[in-house]
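Protein chains in written order, with the working numbering: chain W, 152 to 440; chain V, 865 to 1114. Let me begin by presenting the structure, written as structure tokens, before commenting on it.
Following this line, the structure appears as structure tokens:
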């Protein structure tokens, strides 16, 4: 029983990371119409920048600075590279571009920080187990769940309550009409891309406190993130969150019974969802049907 | 005309490889209501899309309030004071009525959210409804309200009467006529020739991407045969009830 709880909790943690990554990816797919293969790369960049800054501004400072810098780099990448893909109806161009960019990020990180894993110090107050029975429930893991939940709520509040957020939601369905209402849709897309990469950077910093830093840490997450988006339904942000939590939890529970299948189970879930409900759990009708 | 708010010359517009507009020229003077008639597929919507910046022409020149806007992106044209009510309304279905009204970049001017809800009281009572829950008439009102929040000096309306019951068509045209009193110039695209002619000062008729007629609306309104010959839509039989060209089988 304890083993099952342990694995399920690990799965939940994993799922919150998938959910946060999938949220950003989903925002970018929906408004920028770009499948961002470099999304894992932005996660890595956020984590390493936080690692580098932490000695100067502390863990808490780095927790904010890392994601903000990842968002800033996101704007630069969108302005200089990604925006040239918008006019192209064939998604292969943006796939190639972002896939290439993912490889570049990984190698740049390897060059600057080295290929070896690096430890990321978290405040010792967060590091102790909450109880001896449930030794795996550390303060930091609870903190990660709370931080991701908070970031998710903040994003949804932003999309619901701010004018900019409302324009993003409008643009997801009909960017053309948004532009005829005087909204600078080029700026809207840039900022949206930056919000997506900022969320990836945030996931990176939080993940660095559990795992250690490695140039490949994005690779392990990106495929599962895509699965989360597809399972949740392309175009649905809430679906991405549910998709992420679902596959994380499923992988965790599977680990308890049959560890070898834990990687495969998320793809099985995706296949089943695509067969039974091609639009995904909360996706819009007609997108893939 | 020196006081033209809109002047387009020799527009050549394409959708990909298909050549839609073959040298369209027209003008709208300040305070004027101009109706653009034409058969289905004549290029009316393409004309509006060209001058609102959505489908820029390959050749030709568009001048709005004295600015050459031929190559401007749509949002800059809107910010000049051009309101656009697209074909099919294109309400944001996933946004509430109030959220739909929060999308426009509001220019300074008389129109505010409160003012447009005063103009369309129905929308006020449905302010928290989702766009997708609105009836066709309510969607049309919302599309006009949304465009008014840009505080336009020129309003482009693409088939506002499409698919509406006669009473609602009346309501739409009452609003259009009242816009003129606010000093807004209007370019109206219509399939419903009777109403299009009734409300307008001048009329243009497009056919196969070319202007085949221009003149005072009153003159043409009297000559039903001529309207039918020019625009393929008449006053009576093709009036309000059958003004849904895309669904009516030949």
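Just so you know, even glycine gets a beta-carbon here, dropped at the ideal spot from N, CA and C.
Check: Within chain V, partners of residue 330 of chain W - CB distance below 8 Å; Outcome: 917, 918, 937, 938, 939, 942
Check: is_contact[residue 963 of chain V, chain W] using C-beta, thresh 9 Å; Outcome: yes
Check: Minimum Cβ-Cβ distance from residue 931 of chain V to chain W less than 9 Å; Outcome: no
Check: Integer Cβ distance of residue 1022 of chain V from residue 1053 of chain V, believed to fall under 8 Å; Outcome: 5 Å
Check: Coarse secondary structure for residue 181 of chain W, derived from DSSP in three states; Outcome: helix
Check: Per-residue DSSP class, three states only, for residue 303 of chain W; Outcome: helix
Check: Through-space distance from residue 398 of chain W to residue 415 of chain W, alpha-carbon basis; Outcome: 10 Å
Check: Contacts of residue 430 of chain W in chain V (Cβ-Cβ under 7 Å); Outcome: Ordered by position in chain V, no residue passes the 7 Å Cβ test against residue 430 of chain W, which lies about 15 Å from the chain.
Check: Given 8 Å, three or more beta-carbon pairs between the segment 888 to 908 of chain V and the segment 403 to 421 of chain W; Outcome: no
Check: Whole beta strand (DSSP E) elements within the segment 205 to 233 of chain W, 3-residue minimum; Outcome: none
Check: Assigned exposure category for residue 972 of chain V - 16 Cβ within 10 Å defines buried; Outcome: exposed
Check: Per-residue burial, residue 908 of chain V [other beta carbons within 10 Å of its own, 16 or more giving buried]; Outcome: buried
Check: Under 9 Å between C-beta atoms of residue 214 of chain W and residue 356 of chain W; Outcome: yes
Check: Residue 358 of chain W to residue 159 of chain W span [Cα, whole Å]; Outcome: 17 Å
Check: For residue 871 of chain V, the residue or residues it bridges with in DSSP; Outcome: V:891, V:927
Check: Residue-level contact to chain W via CB, residue 1104 of chain V, 9 Å cutoff; Outcome: For residue 1104 of chain V, the predicted structure reports a pLDDT of 40, less than 50, and the residue's modelled location is therefore unreliable. The matter cannot be settled from this model.
Check: Any C-beta of chain W under 9 Å from that of residue 1091 of chain V; Outcome: no
Check: Opening and closing residue of the alpha helix (DSSP H) in which residue 244 of chain W lies; Outcome: 243 to 264
Check: Stretch pair the segment 321 to 336 of chain W + the segment 967 to 987 of chain V: three plus CB contacts closer than 8 Å; Outcome: yes
Check: Residue 1012 of chain V to residue 947 of chain V span [Cα, whole Å]; Outcome: 6 Å
Check: Within 7 Å of chain V by C-beta, residues of the segment 322 to 354 of chain W in sequence order; Outcome: 324, 325, 327, 328, 329, 330, 331, 332, 333, 334, 335, 336
Check: Candidates W:377, W:260, W:404: closest to residue 170 of chain W by CA position; Outcome: W:377
Check: Nearest-angstrom Cα separation, counted from residue 183 of chain W out to residue 976 of chain V; Outcome: 30 Å
Check: Coil, strand or helix - residue 1075 of chain V by DSSP; Outcome: strand
Check: 9 Å Cβ cutoff met for residue 1002 of chain V and residue 983 of chain V; Outcome: no
Check: Contacting residues, own chain, Cβ-Cβ under 8 Å from residue 284 of chain W (five flanking each side not counted); Outcome: 153
Check: Pair within 9 Å by beta-carbon distance, residue 270 of chain W and residue 165 of chain W; Outcome: no
Check: Under 7 Å from the C-beta of residue 956 of chain V: neighbouring residues of chain W; Outcome: 321, 324, 325
Check: Supposed contact pair residue 1079 of chain V and residue 1066 of chain V - C-beta distance, whole angstroms, cut 8 Å; Outcome: 7 Å
Check: Neighbouring residues, chain W, relative to residue 1009 of chain V (Cβ below 7 Å); Outcome: Neighbours of residue 1009 of chain V on chain W: none; closest Cβ ~11 Å, over 7 Å.
Check: Beta-carbon contacts of residue 163 of chain W that lie in its chain and below 8 Å, excluding the five residues immediately before and after; Outcome: 296, 396, 399, 400, 403
Check: Endpoints, beta strand (DSSP E) assigned at residue 948 of chain V; Outcome: 946 to 949
Check: Any C-beta of chain V under 9 Å from that of residue 180 of chain W; Outcome: no
Check: The segment 988 to 1000 of chain V touching the segment 917 to 931 of chain V, judged by at least three CB pairs closer than 8 Å; Outcome: no
Check: Extent of the continuous beta strand (DSSP E) run through residue 413 of chain W; Outcome: Here residue 413 of chain W belongs to no beta strand (DSSP E), and DSSP marks it neither H nor E.
Check: Any chain W beta carbon closer than 9 Å to residue 893 of chain V; Outcome: no
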